[in-house]
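Each remark here refers to the structure printed beneath this line.
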Amino acid sequence: MTFLWMLVAAISMLTVIAVLALADQYRTLEQVRAKLKLEDNPTPIPLPQEGSLAPSDVGLPAELDVQEHLVVLFLSTSCTTCRSVADGLRSVSTTSVWVVVEHAHSVEEGLAWLAPSEISADRVVVDLDGRVAGSLGISVTPSVVLYRSGEALLARTVPSFRQLAPLLSARRLLRSLKSTRGGMVRL
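In our numbering, the protein residues as written are 3 to 189.
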């Protein structure tokens, strides 16, 4: 019986050591990602100060001007991160999402690229000439511009679907907004 208790104690100690080693490896992996700048932290995108940024003024449908919570998502057909963000949209409600597809050679190509994400084609603009992105100062994809009642609230990069998910719901968004120095909003 003593042998059995010693065996249980030894296995328990090995388990504790393995868990501590795993925690140390996780911390080391985070440090490596930070050093190589591989973290998926969003970067703010400055919105243009002059001119109107209302959805209808930048090339989106006029009915979006009155939508209380609007997420305008910019995705490129030549971007693998954009593909994974688009694929993530399959698992959530997209009633407040409008997608702008960049770098497509035709409307058909843009819609075909986005089709696997199951976004309704009537919620998509294929920005062939770059007018929509240019009007908002968007030069990086994937990116997002958030609107509240027709007013652009913030713009930022979306390096992963994990960073986009909190922005999709107005209720969750209000809890995640934090003020920073200089009047900027941090999520």
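By construction, the Cβ of each residue, glycine as well, lies at the ideal position given by its N, Cα and C atoms.
As the structure is a computational prediction, the values presented were derived from the model and not from experiment.
Only residues of its own chain outside the window of five on either side were considered, and among them 163 have a CB closer than 6 angstroms to the CB of residue 90, listed in chain order. For residue 20, the enclosing alpha helix (DSSP H) starts and ends at 4-37. Within the same chain, 151 come within 6 angstroms of residue 70 by CB-CB distance, once the 5 residues on both sides are set aside. Distance from the Cα of residue 141 is smallest, within the candidate group 171, 117 and 46, for 46. In this structure residue 159 is buried. Its beta-carbon is surrounded by 16 or more other beta-carbon atoms within 10 angstroms. Assignment of residue 169 by DSSP, reduced to helix, strand and coil, places it in the helix class.
Collapsing the DSSP output to three states places residue 57 in a helix.
Around the Cβ of residue 77, a 10 Å sphere holds 16 or more other Cβ atoms; the residue is buried. Between the alpha carbons of residue 126 and residue 100 lies a distance of about 6 angstroms.
A straight line joining the alpha-carbon of residue 165 with that of residue 94 spans about 14 angstroms.
The criterion of a C-beta distance shorter than 8 angstroms is not satisfied by residue 170 and residue 102.
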